[in-house]
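A short worksheet on the structure shown next.
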Amino acid sequence: MFFYLLNRVMQAAALLVGVSLITFLLLYVMPADPARQIAGRSATPETVATIRQQLGLDQPLYVQYTRYLAGLATFDLGRSYAQKTQVTSILASRLPATLLLMLAAISAEIVIGLCIGLVGAVWRGTSIDNGAMVASFIGVSTPQFVAAMAMLYTFSVTLDWLPVGGYGELQHLVLPALTLGLLGAGWYARMMRSMMIEVLSQDYIRTARAKGASGTRIIFVHALRNAVIPIIAMIGIDIGYFMSGAVVVESVFGWPGIGQLTWQSIQQVDIPAIMGITLLAATAVIIGNLIADIVAPLIDPRVKLYPTR
Amino acid sequence: MRWTSVLSFLVVGALIMFAAGASWIAPFSPEETFFDGLTLEGAPTPPSAKYWFGTDLLGRDLFSRVIWGAQTSLVIGVVANGAAVLIGSVVGITAGYLRGWVGDLLMRFTDLMMCFPALILAIVLAAIFSPSLWIVALVIALVNWVQIARIVFTQTVSLAESGFIEATRCIGATDTYLLLKHILPHLVPTILVYGTLGVSTTVLMEATLSYLGIGVQPPIPSWGNIIFENQSYFTTAPWLVFIPGSCILLVAVAFNLLGDALQEKIDPNSKPRPD
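As they're listed, the protein sequences go chains A and B. Under the working numbering, the first residue of the first sequence carries the number 1, and numbering increases by one thereafter. Under the working numbering, the first residue of the second sequence carries the number 1, and numbering increases by one thereafter.
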């Protein structure tokens, strides 16, 4: 177990270095000149040159990358062009809102998705199953902004049950979390259904049935635990995805998280902020996968600790 | 054949028909603004006998714009997804067949690209290049080849190690012959399935980028940018959002259902993708 952990952490660290290199290269190929951006429109060429020197942009590429890495080690992602403050502190101020939405959305996905998947597997081949699967396809095929606007139109504009947008109280959280939850639930439902069908056809389930265990006991005690392993991997992927992927939902509902920051940064062509978000998103994906890999063997001891590749 | 597949084929057929015949089917030019297309207060008009889907914020016919938008979606679906499938397949086959350090390098790079959420990477790339239809297609292709590369790689590795390939090599077959005659044909079903599912992903991604204002730029109509342009009227003229929105949904569902049906035909025991 220790070596498995060590191996996974080392892999994650190697990926992080790779991710930083790609983000750096992207930053470098940007056509917008950072020095000119910071200096502003009316700056003289001398001012631009001075800023370029201050930022070290006149140094060779590898020197710049070393500096960039050194900055990363001290959580320095540079300064935002638009807000004139450290990108790290902007990201930190947005993090709580995003984490809250992520928690609520993933919980909604799991509850809705697992229920639909379970229903589909138990009533396999019936019209209930077909209906559940078509519904989950519709979920994964709906553009987030259309779903978000449909939610707003129904529950805020027409019925006037919930606020149009904002942040701070529980009622503000309901619509964004439900939008993400309903759409994302489709993936969980499909995975859950196919895993349950596989598990329910195993010999030990037949044995349990033969010794007289009830249907509910078989499903909830014997089958469910063995069907959730890939679900854990999916949660890991989702943790990474929601760190940045809620761009659309956050901007429709005015949720002041990292997604909304992404949208604002695009509008303002705030490159350091966009790059900071990209790096954070990729880091979150790596950490999400790492968590899933660590949790999986704890739930199912049969999970191979050493992949045979 | 399942009823869902029949419906999906109908949707795809309609998409191709509207996209190819846009200039004949659309009653008006998508960029023409009409004097009677706005109310006296300057608001969009609701659906009527003349303007079937109503008019947009500039008094243009929404029905015509939606039909021309089908062309944008189809172009993205074919070009962007086609490029993604091509890049992914080439990377996957090369890495899976050659193995060694070339294969390692390619697959480590693929792993690295998988760390970036596709939408964020697309946003960054779209922000680097100034967006146009072809740039959007390129950006979408650049972020969507990764999954296909992984799947094709896994399959190529197991194929390349199988007995019949070894036997064919023993009787003197060249690498080119093996790849084209024996490995590629076995990969076609997988590529077909992921190519079909990929159309959904690309159409949704184009819509999202265009909705964020960094995708296909107006006045070229795309379902995403129609919603982007008209969202300020969304509470008073919801059809401007929900008609193009339903089009995106229909096309995405259709390709997802078709891909799923294909996959079940090819491999009945397959599991859904974990993403």
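Note that the Cβ used here is the ideal one computed from N, Cα and C, for glycine as well.
Where C247 (chain B) is concerned, the enclosing alpha helix (DSSP H) starts and stops at W239 to I266.
With fewer than 16 other beta carbons inside 10 angstroms of its own, Y177 (chain B) counts as exposed. In this structure, I67 (chain B) lies away from A14 (chain B), with their beta-carbon atoms at least 7 Å apart.
Close CB contacts of E31 (chain B) within its chain, under the 6 Å cut and outside five residues either way in sequence, are with P219 (chain order). Close to Y211 (chain B), with beta-carbon spacing below 8 Å, are these residues of chain A in chain order: P143, F145 and V248. Contact between the segment 212-228 of chain B and the segment 119-136 of chain B is established, with three or more Cβ pairs separated by less than 8 Å.
Closest in alpha carbon position to R99 (chain B), among B:V139, B:T154 and B:D260, is B:T154. Using a CB distance below 8 Å, the part of the segment 232-243 of chain B facing chain A consists of F234, T235, P238, V241 and F242, ordered along the chain.
DSSP places P44 (chain B) in the strand class (E or B) of the three-state scheme.
Between I291 (chain A) and chain B, the shortest Cβ-Cβ separation is not below 7 Å. Taking V139 (chain B) as reference, the option from B:I151, B:Y211, B:F164 and B:M205 with the minimal CA-CA separation is B:M205. In this structure, DSSP gives Q53 (chain A) a helical state, which the three-state scheme calls helix. The beta carbon of L173 (chain A) sits closer than 8 Å to those of L100, L101 and A104, all from its chain and outside the five residues before and after it, given in chain order. If you compare the alpha carbons of B:A149, B:G198 and B:E161 with that of H182 (chain B), the shortest gap goes to B:E161. Taking each of B:T190, B:G69, B:T39 and B:N144 in turn and checking the Cα distance to G59 (chain B), the smallest one comes out for B:T39. Here D160 (chain A) is exposed. Its C-beta has fewer than 16 other C-beta atoms within 10 Å. For Y241 (chain A), the closest C-alpha among the options A:A281, A:T142 and A:I271 is that of A:A281. With a 10 Å radius around the Cβ and a threshold of 16 neighbouring Cβ atoms, T126 (chain A) comes out exposed. Cβ proximity to chain B below 8 Å picks out L15, G18, V19 and I22 from the segment 5-24 of chain A. If the five residues before and after G165 (chain A) are omitted, its C-beta is found closer than 6 Å to the C-beta atoms of F253 and G254, all from its own chain and listed in chain order. Bounds of the alpha helix (DSSP H) holding G13 (chain B) are W3 to A20.
Proximity of N144 (chain B) to chain A, defined by a Cβ-Cβ separation below 7 Å, is not satisfied. For T179 (chain A), same chain residues with a beta-carbon under 6 Å away, outside a window of 5 residues either side, are A147, A148, M151 and V249 in chain order. When the Cα atoms are used, L187 (chain B) and G212 (chain A) turn out to be separated by approximately 46 Å. Closest in alpha carbon position to W239 (chain B), among B:M17, B:E41, B:A26 and B:P47, is B:P47. Under the DSSP assignment, D293 (chain A) falls in the alpha helix (DSSP H) whose first and last residues are I271 to I299. Residue A:I110 holds the alpha-carbon nearest to the alpha-carbon of A233 (chain A) among A:V63, A:I110, A:A73 and A:Q86.
Boundaries of the alpha helix (DSSP H) harbouring M191 (chain A): L170 to L200, taken from the DSSP string.
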